[in-house]
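Let me begin by presenting the structure, written as C-alpha cells, before commenting on it.
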Amino acid sequence: MSKLESDEGDLTRKQRREQAREERKAAEQAAAAGDARRKRMTQLGGAVAVVIVAIVVILVATGGGGKKAAPKPGAKNSATQKALAEVTSTIGGVPQKGNVLGSPTAPVTLQYFGDLECPFCREFTTSVLPTVIKKFVRSGKLQIQYRSLETATREPEVFTTQQTAALAAGKQNKMWWFVELFYHLQGEEDSGYVTESYLQGLAAAVPGLSLSQWTTDRSDQTLQAQVETDTQEANNVGFTGTPSFLIGQSGGAMKKLEASEYGNSFSDPSAFASAIEKHVKA
Amino acid sequence: MSARALRITLIVLSVIGVALATYLTYIHYANIKPLCGRGGGTCLKVQTSQYSKLAGVPVALMGLIGYIAILGTLLAPEEERWRFATAALTLGGFAFSAYLTYREVFSLEEICEYCVSSAVLLTVMLGLSLWRFLRGGGSTSAVTPGGEPATPVGSPL
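First to last, the sequence lines map onto chains A and B. Residue numbers 0 to 281, in numbering that gives the first Met the number 0, belong to the letters of the first sequence in order. Residue numbers 0 to 156, in numbering that gives the first Met the number 0, belong to the letters of the second sequence in order.
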C-alpha cells in the first residue's frame, strides 16, 4: 500500500467519525428538544388543570348556570307574612285613593316616580318612607302619589304589566299595599322574577283585595295610558333615574325635589324628612 | 416571527389590555350612581350587574391587575420561567374572560362591547403566548411543537 492510499484511507475514516459524531449530536439535540417539549406540555397541562378547577369553583360560587330562583310571594308564605307585618305598620289605617297615599285634603303633595324593580326605590321605600309617612302623611300634612318611570326593569312590556298591576290594585284603593309589598319582596335585579304568577301571588297577599276585580281592572286601557303619561311627564321634567320626586302645594305647580335637598341619600330618613319639612312649612 | 417580534407584539397587546381594563374599571366606579338610571347602554347594565364583582372585587379591576401581571412577565428577562408565567396568566385570563362572556350571553343576555374586546384580546394573546412558550429558546427557526402555531381569532384593533 502506497503512502497516498494510506492517507486517503485515513481521511475517509476521519470523515466517517465526523459524520457519526454529527449524527450523535443531532440525536442528542433531538432527544433534549423532545424532553423540553414534554416538560413544557406537562407544565401547561398543570396550568390548564388549575384554571379549570378555578373556573368551576367560580361558577359554583356565583350560582351555577342559571338565574336565581324567583321569589314566590303568597299569602301563606313566611317571607310574605313578615313583609305584610312591616307594610301594615307603615301604611295600615292610612287613607288611600288610586295612586295616592294620605288624606286627599293634605296641603302638600309629594310625587314619587319609581320603578317597582328598582333596588334604590326599594331602599327608599323600606328605610325612608316609613318615617315620612309617620311624620307627615298620618298627620294629614302630606299626600304621596306613586308614579311610574322605567329604569331598572329591562323589558318595557314587563314594566307596563307590573306598574299596571299596581294601578289596578289602586282601583280598589289598595295600590300602596301592592307597591309596598312589591318593594319589600323585591327579587334579584335582572333575574326575570316578575312573572304572571309572581304578580298573582303579590295581589293575593294584599289584604282585602278582590282578585277577580283586580284581574278585570288590569285590562283597563286607562291604566296603561296612566303609566305612559307618568313616563312622559318624567321625561318633560328631565328625570333620568329613580327614585325621583316632585313636590308642591296640592293642586298647584310641582317642582323637583333635588337630591341635594335630602343629602343625596335614599337611606337617610332624617335628611329626607328635613327636606319635606321645609316644603310643608313653606 | 422572531422571538423579539413575538414579545413586542404581546407587550403591545397587553398595553392595549391595560388601557381597556382601566377604562372598564373607571366606568364601573363612575357609573354606579345612587339611583336606577335610564339607558346607559348594555355596558352599564353588565358593569352594574351582580356578576360585575367576584367576592366583592370588581371583575374589571381583576382584569386590570391581570393585564399588568402579564405585562410584567413580558418585561422580565427572556427566560423559560417567564415565558411560562406569561402563558399561564393569559390562559387564566382567557378562561376567566370566557366565563364572563358566558355570564353576559346566558345570564344577563346583554353584550358589553368592551368586555368582548377584552375577550378577543386575551384569545389572541393566549395563542401567541402558547406559541412563544412551546417553541422555547426563541430562535426564528425553532421547532413549533404541535404543528401550526395557534392562529389568532379576529383582532381587537
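Don't be surprised by glycine CBs; every beta carbon is placed ideally from N, CA and C. Note that the structure is predicted; figures quoted are calculated from it, not measured.
Could you list the residues in the segment 28-46 of chain A with a C-beta less than 8 angstroms from some C-beta on chain B, going in chain order? Ala32, Ala35, Arg36, Arg39, Met40, Gln42, Leu43, Ala46
By the 10 Å Cβ neighbour count, where 16 or more other Cβ atoms means buried, how is Arg3(B) classified, buried or exposed? In the second sequence, the residue the question calls residue 3(B) occupies position 4. Counting the other Cβ atoms within 10 Å of the Cβ of Arg3(B) gives fewer than 16, which makes it exposed.
Contact criterion: CB-CB distance below 8 angstroms. Does Ser96(B) meet it with respect to chain A? Locating residue 96(B) in the second sequence gives position 97, counting from the first residue. Taking Cβ atoms only, chain A never reaches closer than 8 angstroms to Ser96(B), which makes this a no.
Hey, does Val50(A) have any beta-carbon neighbour from chain B nearer than 8 angstroms? Position 51 of the first sequence holds residue 50(A). Closer than 8 angstroms: yes.
Here's the rule: buried if 16 or more other CB atoms are within 10 angstroms of the residue's CB, otherwise exposed. What is Gly169(A)? Counting from one through the first sequence, the residue named residue 169(A) turns up at place 170. Buried, because 16 or more other Cβ atoms sit within 10 Å of the Cβ of Gly169(A).
Can you give me the Cβ contacts of Ala224(A) inside the same chain, cut-off strictly under 6 angstroms, excluding the 5 residues immediately before and after it? For the purposes of this step, residue 224(A) is taken as residue 225 along the first sequence, with counting starting at 1. Closer than 6 angstroms at the Cβ level, and outside the excluded window around Ala224(A), lies no residue.
With a cut-off of 8 angstroms on the beta carbons, I'd call Val236(A) and Lys255(A) a contact; round off their distance for me. In the first sequence, the residue the question calls residue 236(A) occupies position 237. In the first sequence, the residue the question calls residue 255(A) occupies position 256. Yes, they are in contact, since the Cβ atoms of Val236(A) and Lys255(A) sit about 6 angstroms apart, within 8 angstroms.
Find the nearest neighbour of Gln55(A) within the set Glu112(B), Tyr98(B), Gly136(B), judged by alpha-carbon distance. On the first sequence, position 56 is the one that residue 55(A) refers to. Before going further, note that residue 55(A) is Val rather than Gln in the sequence given. Selection Glu112(B), Tyr98(B), Gly136(B) evaluated against Val55(A) yields Tyr98(B) as nearest (Cα-Cα).
With a threshold of 7 angstroms, establish whether the CB of Thr108(A) neighbours any heavy atom of the ligand SAH. In the structure on display, the ligand SAH does not appear, and there are no ligands present to speak of.
Quick one: using the 10 Å Cβ neighbour count with 16 as the cut-off for buried, is Ala274(A) buried or exposed? Taking the first residue of the first sequence as 1, we reach residue 274(A) at position 275. Buried, because 16 or more other Cβ atoms sit within 10 Å of the Cβ of Ala274(A).
Considering Leu245(A), what are the terminal residues of the beta strand (DSSP E) in which it resides? Position 246 of the first sequence, counted from the first residue, corresponds to residue 245(A). Note, Leu245(A): beta strand (DSSP E), 243-248.
Taking Leu222(A) and Gln110(A) to be in contact with their CB atoms under 8 angstroms, please state how far apart those CB atoms are, rounded to whole angstroms. Here residue 222(A) corresponds to residue number 223 of the first sequence, with the count starting at 1. Here residue 110(A) corresponds to residue number 111 of the first sequence, with the count starting at 1. Not confirmed; about 17 angstroms, so no contact.
Would you check if there are 3 or more beta carbon pairs closer than 8 angstroms linking the segment 210-221 of chain A to the segment 139-158 of chain A? no
Starting from the C-beta of Cys117(A), find all residues in its chain whose C-beta is less than 6 angstroms away, skip the five residues before and the five after it, and write them out in chain order. To locate residue 117(A), count along the first sequence from 1; it is residue 118. Closer than 6 angstroms at Cβ, skipping near neighbours: Thr150, Ala151, Thr241.
Verify whether the separation of the beta carbon atoms of Glu122(A) and His183(A) is less than 8 angstroms. Position 123 of the first sequence, counting from 1, holds the residue named residue 122(A). Position 184 of the first sequence, counting from 1, holds the residue named residue 183(A). For Glu122(A) and His183(A), no; Cβs fall outside 8 angstroms.
Glu17(A) versus Arg23(A) - alpha carbon distance: In the first sequence, residue 17(A) corresponds to position 18, counting from 1. In the first sequence, residue 23(A) corresponds to position 24, counting from 1. In a straight line, the C-alpha of Glu17(A) is about 10 angstroms away from that of Arg23(A).
With DSSP as the reference, label Thr194(A) as helix, strand or coil. By 1-based counting over the first sequence, the position of residue 194(A) is 195. In this structure, Thr194(A) counts as coil in the three-state DSSP scheme.
Measure from the alpha carbon of Asp138(A) to the alpha carbon of each residue in Gly262(A), Pro103(A), Arg146(A), Cys120(A), then state which is nearest. For the purposes of this step, residue 138(A) is identified with residue 139 of the first sequence, where counting begins at 1. The sequence shown places Ser at residue 138(A), not Asp. Measuring from the Cα of Ser138(A), the nearest candidate turns out to be Pro103(A).
Can you pull the chain A residues whose beta carbon is under 8 angstroms from the beta carbon of Ala18(B), in chain order? Along the second sequence, read from residue 1 onward, the residue named residue 18(B) stands at position 19. Result: empty, since nearest Cβ-Cβ is about 25 angstroms, beyond 8 angstroms.
In angstroms, rounded to a whole number, what distance separates the CA positions of Ser266(A) and Gly200(A)? Here residue 266(A) is taken as the residue at index 267 of the first sequence, counted from 1. Here residue 200(A) is taken as the residue at index 201 of the first sequence, counted from 1. Cα-Cα distance, rounded: 28 angstroms.
Checking contacts by CB at 8 angstroms: is Leu73(B) closer than that to chain A? The count along the second sequence starts at 1 and reaches residue 73(B) at position 74. No, no contact with chain A.
So, is the C-beta of Gly91(B) closer than 8 angstroms to a C-beta in chain A? Counting from 1 along the second sequence, the entry for residue 91(B) is found at position 92. Yes, because at least one Cβ of chain A sits closer than 8 angstroms to the Cβ of Gly91(B).
Runs of alpha helix (DSSP H) lying entirely within the segment 148-193 of chain A, each at least 4 residues, in chain order: The segment 148-193 of chain A contains these whole alpha helix (DSSP H) runs: 155-169, 174-183.
By DSSP, does Val205(A) sit in helix, in strand, or in coil? Taking the first residue of the first sequence as 1, we reach residue 205(A) at position 206. DSSP places Val205(A) in coil when its eight states are reduced to three.
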